[in-house]
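Here's the structure we're looking at; comments come further down.
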Amino acid sequence: MQRYYHQNPNALEEHRQFEISTKEFISKRQTAQPYIIPVVVHVYGKIFSGTKVDETIIKTAIDKVNEDFQGRNDDFNTVNSAFKEIKSAFSVTFKLATLDPDGKSTTGIVWYDEPRYGYATGMFEDWIQYDAWDNYKYCNVYIQSDIYGNGDLTQSGVAWFPDSFMSDKNLARIVYNGRHLYGNTNKEFASMLTHEFGHWLNLFHTFEAGCMESSEGPCDKTGDRVCDTPQTISKDGCEPVYNCAGKLENSENYMSYTGADGYHLIQILDFDIVGLNYFKKALGFVSADGNFHLRLGFRNLLERLLLLVKSKKNSLVKNPELTHDHIENDIFKKLIEL
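Residue numbering for the sequence shown is 19 to 356, as defined by the numbering used here.
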């Protein structure tokens, strides 16, 4: 993102304002409710470094992302005792779309015979735009093998923070290597897909700014900008590590590079549902019954701010029941009721 922000200073300023709005919300947040985000997965080819990607693999991969976010993964209860008191679950579900942009039934998976490459770079934006479904109505995930187009088939994935310019151009995306989907690699490394969804939701790496003892105070401006994440200096490994301020790092966090039996939860990186009363005036409409609605199709940056925001606790509401599945999956009618 740093290169992108260097080339697009307006995007950097937008992201700074996004962080300010997040901080303002944290002090006024309300009770979270469950939400569903429609996902479309574009798959280029069927063989990825000797592994297959089929409908079952895609569905399972999305299910595993939801398990990670919702604290239903099998090692959620083995988190380091130092962080157990602040773990929780996140009431958002990523769900393969059931209607396409034309209102026709879909599996939420689009298959392409040709194994395109390089969508993790800016070299093929015309292709990305041509393939994309409306960025304001779907989370677009692109499954390739050579994601950087440089012949390196080992790279796992990449995602971009919320950005209205990219969404306006249908360039907002997650790009991921099919060989690293759940079922094609070990389950811990497969959670790199969860890591990329975290970035799509505006989450930094835990080790983003390293560690400076002198900056331990303004925790919303250091590290990953989340106050109950200790500043982190290590990028991988699950062994206990203490940072420069003498605090235990959260090496089990999905937003680190731990992998290989180290991931446990999106710990410390809590999301919450924004109290929409705070944004009623900004968005400018309320339904006749007084309930506030967010129409899928609002600007992606603001939509994600409204739905998913970091809070100072940790991620996720325990065992969310999707009783709020008020979402009619009609692209032109769908509302999320809060």
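Even glycine gets a Cβ: it sits at the ideal position worked out from N, Cα and C.
{"query": "When we look at the beta-carbon of GLN162 and count the other beta-carbons within 10 Å, is it buried (16 or more) or exposed?", "result": "buried"}
{"query": "Using a 10 Å radius around the Cβ and a threshold of 16 neighbouring Cβ atoms, would you call THR212 buried or exposed?", "result": "buried"}
{"query": "Leaving out five residues before and five after VAL58 in sequence, what residues of the same chain have Cβ atoms less than 6 Å from its Cβ?", "result": "ALA115, GLY126, TRP151, TYR156, ASN158"}
{"query": "Take ILE76 and list the residues in its own chain whose beta-carbon comes closer than 6 Å to its own, dropping the five residues that flank it on each side.", "result": "VAL59, ILE127"}
{"query": "Measure the Cβ-Cβ separation of THR111 and TYR62 and say whether it is below 9 Å.", "result": "no"}
{"query": "Check GLY175 in the structure and name its three-state DSSP category.", "result": "strand"}
{"query": "Buried or exposed for ILE65, please, with buried defined as at least 16 other CB atoms from any protein chain shown within 10 angstroms of its CB.", "result": "exposed"}
{"query": "Below 8 Å on the Cβ atoms is my contact criterion, and I expect ALA177 with ASN153 to pass it. Report the Cβ-Cβ distance as a whole number of Å.", "result": "In fact, because the Cβ distance is near 13 Å, the residues do not count as touching under 8 Å."}
{"query": "Would PRO27 be called buried (16 or more neighbouring beta carbons within 10 Å of its own) or exposed?", "result": "exposed"}
{"query": "Drop a sphere of 10 angstroms on the beta-carbon of THR224, count the other beta-carbons inside from all chains shown, and report buried for 16 or more, exposed for fewer.", "result": "buried"}
{"query": "Given this structure, state the Cα-to-Cα distance separating HIS282 from LYS70, to the nearest angstrom.", "result": "Residue confidence is low: HIS282 scores 40 on pLDDT, short of 50, so the model does not pin down where it sits. No coordinate-derived value is stated."}
{"query": "Keeping to the same chain, check which residues put their C-beta closer than 8 Å to that of ILE146; ignore five residues upstream and five downstream.", "result": "TYR137, TYR160, ASN188, LEU189, ARG191"}
{"query": "Note down the Cα distance separating ASP186 from PRO180, rounded to an integer number of angstroms.", "result": "11 Å"}
{"query": "Determine the DSSP secondary structure at ASN271, reduced to helix, strand or coil.", "result": "strand"}
{"query": "For GLN88, which of helix, strand or coil comes out of DSSP?", "result": "coil"}
{"query": "Out of MET184, LEU221, PRO133, ALA79, state which residue places its alpha-carbon closest to the alpha-carbon of LEU17.", "result": "Lying outside 19 to 356, the shown extent of the chain, residue 17 is not represented and no answer is given."}
{"query": "Is DSSP giving LEU211 helix, strand or coil here?", "result": "helix"}
{"query": "Just verifying my parser: in three-state terms, what is the DSSP assignment at TYR203?", "result": "Checking the displayed sequence, the identity of residue 203 turns out to be Thr instead of Tyr. THR203: strand per DSSP, three-state reduction."}
{"query": "Quick one: what's got a C-beta closer than 8 Å to ALA79's C-beta in the same chain, skipping five residues either side?", "result": "LEU199, TYR200, GLY201, ALA208, LEU211"}
{"query": "Ordered along the chain, which non-local residues of its own chain (more than five positions away) have a Cβ less than 7 Å from that of GLU143?", "result": "LEU189"}
{"query": "Quick one, which of GLN25, GLY68, ILE55 has its alpha-carbon nearest GLY196's?", "result": "GLY68"}
{"query": "Helix, strand or coil, according to DSSP, for HIS60 in the structure here?", "result": "strand"}
{"query": "For SER67, which of helix, strand or coil comes out of DSSP?", "result": "coil"}
{"query": "In the DSSP assignment, find the unbroken alpha helix (DSSP H) run with TRP145 in it and report its ends.", "result": "143-149"}
{"query": "Beta-carbon separation of LYS113 and LYS205 under 9 Å?", "result": "no"}
{"query": "If distances are taken between C-alpha atoms only, which option among GLN25, ASP86, GLY140 comes closest to ASN271?", "result": "ASP86"}
{"query": "Can you tell me the Cα-Cα spacing of LEU301 and LYS122, whole angstroms?", "result": "The predicted position of LEU301 is uncertain, since its pLDDT is 30 and thus under 50; a value taken from the coordinates is nonetheless stated next. One C-alpha to the other measures close to 29 Å."}
{"query": "Does the beta-carbon of MET184 have 16 or more other beta-carbons within 10 angstroms, so that it is buried, or is it exposed?", "result": "buried"}
{"query": "Going by DSSP in three states, VAL259 sits in which element: helix, strand or coil?", "result": "coil"}
{"query": "For a test of the three-state rule: what should DSSP assign to THR111, helix, strand or coil?", "result": "strand"}
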